Each structure stands twice: as structure tokens, then as C-alpha cells.
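Participant: Start counting the sequence shown at 16; every next residue gets the next number (the working numbering). Glycine included, each C-beta is placed from N, C-alpha and C at the ideal position. Treat the numbers as computed from the prediction; the structure is a model and nothing was measured. I'd like to ask you about the structure that follows.
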Amino acid sequence: MKRRILIAALALVAGAAAIAQGPPPAPRPITLAARPNATGGEALYVEHCISCHGPNGMGTGLLGRRIQPALLELRDNLSPQYVIVAARQGIGNMPSIPRGEVSDEELKAIAEYLAAGPHEVAK
Numbered sequence: 016m017k018r019r020i021l022i023a024a025l026a027l028v029a030g031a032a033a034i035a036q037g038p039p040p041a042p043r044p045i046t047l048a049a050r051p052n053a054t055g056g057e058a059l060y061v062e063h064c065i066s067c068h069g070p071n072g073m074g075t076g077l078l079g080r081r082i083q084p085a086l087l088e089l090r091d092n093l094s095p096q097y098v099i100v101a102a103r104q105g106i107g108n109m110p111s112i113p114r115g116e117v118s119d120e121e122l123k124a125i126a127e128y129l130a131a132g133p134h135e136v137a138k
């Protein structure tokens, strides 16, 4: 009887300790501060796209079952036109990006940056 009570008490303490620990901390977002030399399309990509398409981005989890990686900076098969159409129309769970958020000129710079990939900085 005492043994059962002891085992139950230990299980309760272990469970409480696991709950008290809480979830792991969220990864730090990549910002322009992490890439101080970023200019042009790369800087715009970091500002507007990397939160979902970077190493810790939630978009990458949703796209994990796809053939192509969601880490856009690692891809070597993106054309500027594909990036522009994908951004303006959206793909799957990715919403479209309105011109009020990213102008046509900014999107063109991002598209040209990604089309020149893969980029070492993403590895």
C-alpha cells in the first residue's frame, strides 16, 4: 500500500515538474540587425518574407511535405516571374501579398534576389 502511494506521489511530482517547465522558448526572428550588410532585394526579403520562409519560419512547417524546400534562399529554380505571381496570388496556405504591403518595385527586387539563388547566407 505504501509503495503504491509512493509511486503515485512520484508520478504526480514528475508530471507537475514537466508542466512547470513550460514550452521551449520561441526562436528569435531573423531581422535586418542579424544581416547588417543586406541591401536591395535581400533587405526587402528579410523585412517582408523571412518570418515565414526563413529557418524558423512557420511557413516552412506547412510546406514541409512539398518536394521543393520552403527556405526560398536555398532554392536555385525560382524565376523572378514565378516569385511575383506566387506573391501576388498566393499559393496554398500562403496568402497573397497586396501592393500596399510590398510595392511592385520592391517585389521585383525580392524576386530578382531569390532568382539569383541559392544564397550562402541561408545555410
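Do you know how far the Cα of Ala-48 is from the Cα of Gln-104?
Facilitator: Using only the alpha carbons, I get a separation of about 30 angstroms.
Participant: Using the Cα positions of Ile-65 and Ile-125, report the straight-line distance between them to the nearest angstrom.
Facilitator: Taking the straight line joining both Cα atoms gives about 11 angstroms.
Participant: So, does the segment 122–136 touch the segment 89–105, judging by three or more C-beta pairs under 8 angstroms?
Facilitator: Yes, since at least three Cβ pairs between the segment 122–136 and the segment 89–105 fall closer than 8 angstroms, the two stretches touch.
Participant: Considering only their Cβ atoms, is the gap separating His-63 from Val-117 smaller than 8 angstroms?
Facilitator: Yes.
Participant: Where Ile-45 and Ala-58 are concerned, what is the direct C-alpha to C-alpha distance, given to the nearest angstrom?
Facilitator: Computed Cα separation, rounded: 11 angstroms.
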